[in-house]
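Trainee: My structure is below; once you've seen it, I'll send some questions.
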Amino acid sequence: MQKLFFLPFVTVLSGCTLIHDSVPKAEYITILHTNDNHGRFWQNNKGEYGMSARKTLIDRLRTEARDNGHAVLLLSGGDINTGVPESDLQYAEPDFKGMNLLNYDAMAIGNHEFDNPLHILDKQIAWANFPLLSANILNKTDRSHAYKPYTVIEKQGIKFGIIGLTTEDTAKIANPEYIGHLDFIRPSIAAKNTLIEMRTKHKDIDVTIAVTHMGHYHNASFGINAPGDVTLARELPKGELGMVIGGHSQEPVCVDTKGKPDTQFSPGKSCKPDNQNGTWIMQAHEWGKYVGKAEFKLEGKKIELQSYQLIPVNLKDRNGNLIQDYIPEDKEMLALLTPFQEIGEGQLKVPVGYSDSYLDGKRDTVRFKQSPLARLIIKAQKESVNADFGLISGGGIRHSIEAGDISYKDILKVHPFKNRITAMNWQGSELIGYLEVVTAFPEDAGAYLQYEGLSFERKNGKLLNVKINGKALDLNKTYRMSINSYNAAGGDGYPVLVGKKGFVPSERTDAEVLKAYIEKYSPIKVSEL
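Under this note's numbering, the first residue of the sequence shown carries the number 413, and numbering increases by one thereafter.
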């Protein structure tokens, strides 16, 4: 069992907040859940999702459940941050304050909660009137919990023990500058220890729940990812967790009668959640597109699933028709969020340049092959630090840019992480060793190398014919390379450059550098990149 201490930047007391209602114990439970909000506090340009319609729906579902004598919880699988510039520029303040108005009971800390310096996460924890949980994030110095590991909540006489868990992949996909002092341990080990501790302090827990941000991978086939919810359930004693409310893989978790992925699921259709080793596993896709609703009957310390739905929030089909009845926007939520939306729009809508063609930043492009958008990004970064060539990992490109006017909003969709641009001065003989590593990253990985001013071949696992700007690499020459602070600090598994001889940091961010480059060189001619 881990020792727990108070730290200056978070509340880490594992003895939880006990919230309760003094009423006879209910026989039924309703669990409402969402995950991977990623800044979508506002509806999209088609009128889909958004927290104001979500509030109308959740208020109705909560009232119906309580009228039927159910205890009700509203939970989140995390990743509130990063994805929409109007939210990103305001550090997800509208999203967290909207969650307060929705009366969330708890959420998992997701990997994108570490996209900003930790004082921003501290601020978000302070904004939230519900706990942000993770039991498997430890301080390296003393092995204490860095964040609140669990909470106990009593509703309608039912006592819920809720633990939080975060993907181990955070250690390699979050900015190492922010999380270098933290360890992300195996979730099943943290869960076992935390459940023992929780039950020791609260012997009358009726239902155990994990809110997780680890991903659902069918039959535990997690590939290059860290283990997810299925592995967690299988590594714990059978039924140790009643349910997992998950996130991270951003999918509707629906299975067929054999437990295989339900390939027939689409918005509005029925969904059966996964069950692994006596634990129900649920996830509601992403962005607030759905609200998950699970109804259980409580029999002693066991729960029996009665029904499950993924309820679309004003989703539309390809023809623009609503899939289900329109959910009106809640006026109180609109009043809260509208000023945030107006501030964001005002900062973002002014054009900064023009592109004559589409700049492809899709995931299945930038993680598989060289992209003109990546070359544009690297050209901007090279110029900002006067480099000979430049590199970035494909996974750092998060959106495409359409042909026509380019706004700062478009740029921030490409670069939501606020990475700073750095330079590295290499002796050719040292550079070759670095390139041996970074050119070997495989396709279909966030680490996949995008480059500009560099050419090379790889044959039979060997690096050959390296050229800088068309000239063979000279082992005795000095070369200057641009790279963002995330990759320079070891992000995506790149060799750490920070602190090494020749490393030059800067304070300019990737978004502002790209904005300046586009302003200077517009119109951007994609064929010339």
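Where is the CB? At the ideal position from N, CA and C, for every residue including glycine.
Out of Trp454, Ser841, Lys913, Cys666, which one is the CA nearest neighbour of Ser719?
Mentor: Considering only alpha carbons, the answer is Cys666.
Trainee: Here's the rule I'm using: 16 or more other beta-carbon atoms within 10 Å means buried, otherwise exposed. How should Val762 be labelled?
Mentor: Exposed.
Trainee: Tell me whether Tyr898 is buried or exposed, calling it buried when 16 or more other Cβ atoms sit within 10 Å of its Cβ.
Mentor: It counts as buried.
Trainee: Going by CA-CA distance only, name the one from Lys535, Leu749, Gln676, Leu469 that's closest to Arg452.
Mentor: If we check each option's Cα against that of Arg452, Leu749 comes out closest.
Trainee: Is there contact here, the segment 441-458 with the segment 703-718, by at least three beta-carbon pairs under 8 Å?
Mentor: Contact between the segment 441-458 and the segment 703-718 is present, because at least three Cβ pairs lie under 8 Å.
Trainee: Rounded to whole angstroms, what is the Cα-Cα separation between Gly495 and Ile790?
Mentor: Cα to Cα, Gly495 sits roughly 21 Å from Ile790.
Trainee: For the alpha helix (DSSP H) that His445 lies in, which residues bound it at each end?
Mentor: From DSSP, His445 is part of no alpha helix (DSSP H) but of the beta strand (DSSP E) over 440-446.
Trainee: For the segment 654-664 against the segment 680-697, are there 3 or more C-beta pairs whose distance is under 8 Å?
Mentor: Result yes; three or more Cβ-Cβ pairs closer than 8 Å.
Trainee: Look at the alpha carbon of Ala632 and the alpha carbon of Asn587, and state the distance between them as a whole number of angstroms.
Mentor: Distance between the alpha carbons of Ala632 and Asn587: 27 Å.
Trainee: In the structure shown, what three-state DSSP assignment does Phe542 receive?
Mentor: Looking at Phe542 - three-state DSSP - the assignment turns out to be coil, as it is neither helix nor strand.
Trainee: What are the boundary residues of the beta strand (DSSP E) that includes Phe942?
Mentor: Residue coverage of the chain in this structure runs from 413 to 941, which leaves residue 942 outside it and unanswerable.
Trainee: Identify whether Gly704 lies in helix, strand or coil by the three-state DSSP scheme.
Mentor: DSSP places Gly704 in strand when its eight states are reduced to three.
Trainee: When you compare only the Cα positions, how much space is there between Arg466 and Met511?
Mentor: Using only the alpha carbons, I get a separation of about 10 Å.
Trainee: Please list the terminal residues of the continuous beta strand (DSSP E) segment that includes Pro724.
Mentor: Unbroken beta strand (DSSP E) run through Pro724: 714-724.
Trainee: Whose C-beta lies closer than 7 Å to the C-beta of Val422 among residues of the same chain, with five residues either side of it excluded?
Mentor: Reliability fails at Val422, whose pLDDT of 36 lies under 50, so the model's placement of it is uncertain and the value that follows must be treated cautiously. Only Asp534, Ile537, Ala558, Tyr559 meet the Cβ criterion.
Trainee: Enumerate in chain order the residues of its own chain whose CB-to-CB distance from His614 is below 6 Å, with the five nearest sequence positions on each side excluded.
Mentor: Val564.
Trainee: Taking the alpha helix (DSSP H) that Gly510 falls in, what are its first and last residues?
Mentor: Its alpha helix (DSSP H) spans residues 505-514.
Trainee: Quick test of your reading: His697 and Gln662, contact by CB under 8 Å. State the CB separation rounded to the nearest angstrom.
Mentor: That belief holds up - the Cβ atoms of His697 and Gln662 are roughly 6 Å apart, short of 8 Å.
Trainee: Evaluate contact between the segment 864-877 and the segment 771-781, counting only Cβ atoms and requiring at least three cross-stretch pairs below 8 Å.
Mentor: No, they do not touch.
Trainee: From the DSSP output, read off the bridge partner residues of Tyr770.
Mentor: Tyr770 pairs with nothing; no bridge assigned.
Trainee: Check the C-beta distance from Val925 over to Gln839 and give it rounded, since I have them as a contact under 8 Å.
Mentor: With a Cβ gap of about 26 Å, Val925 and Gln839 do not count as contacting.
Trainee: Could you compute how far the alpha carbon of Lys701 sits from the alpha carbon of Thr612?
Mentor: Rounded to the nearest angstrom, the two C-alpha atoms are 38 Å apart.
Trainee: Are the beta-carbon atoms belonging to Pro436 and Gly627 less than 8 Å from one another?
Mentor: Contact: no.
Trainee: Name the DSSP bridge partner or partners of Ala696?
Mentor: The partner list for Ala696 (beta bridge, DSSP) reads Pro664.
Trainee: Apply the 10 Å Cβ neighbour rule to Glu931 and answer buried if 16 or more other Cβ atoms are within range, or exposed otherwise.
Mentor: Burial call: exposed.
Trainee: If you count every other CB in all the chains shown that lies within 10 Å of the CB of Ile617, and 16 or more means buried, which is it?
Mentor: Buried is the call here.
Trainee: What's the gap between the Cα of His827 and the Cα of His482?
Mentor: If I take the Cα positions, the gap works out to 44 Å.
Trainee: Mind the definition here: the segment 572-591 touches the segment 666-680 only if three or more C-beta pairs lie below 8 Å; say whether that holds.
Mentor: No, the segment 572-591 is not in contact with the segment 666-680.
Trainee: Just to confirm before moving on: does the CB-CB distance between Leu545 and Gly576 stay below 8 Å?
Mentor: Yes, these two residues count as a Cβ contact at 8 Å.
Trainee: Below 8 Å between beta carbons: does that hold for Leu469 and Ile823?
Mentor: Contact flag unset, no.
Trainee: Less than 8 Å between C-beta atoms, sequence neighbours within five positions excluded: which residues of the same chain meet that for Tyr461?
Mentor: Contacts found: Arg452, Gln455, Trp699, Gly700, Lys701, Val725, Asn726, Leu727.
Trainee: Whose C-alpha, out of Gln721, Lys713, Gly651, is nearest the C-alpha of Cys384?
Mentor: Any property of residue 384 remains undetermined from this structure, which presents the chain solely from 413 to 941.
Trainee: Using a 10 Å radius around the Cβ and a threshold of 16 neighbouring Cβ atoms, would you call Glu566 buried or exposed?
Mentor: Answer is buried; the Cβ neighbour count reaches 16.
Trainee: Just curious, the beta strand (DSSP E) that Tyr891 is in, first and last residue?
Mentor: Run containing Tyr891: 890-896, per the beta strand (DSSP E) assignment.
Trainee: Among Ala852, Thr620, Ala859, whose alpha-carbon lies nearest the alpha-carbon of Glu869?
Mentor: For the residues Ala852, Thr620, Ala859, the minimum Cα distance to Glu869 belongs to Ala852.
Trainee: Can you find the residues in the same chain that come closer than 7 Å, C-beta to C-beta, to Met413, ignoring five residues on each side of it along the sequence?
Mentor: Low confidence applies here, because Met413 scores a pLDDT of 34, under 50, leaving its location unreliable and the question unanswered by this model.
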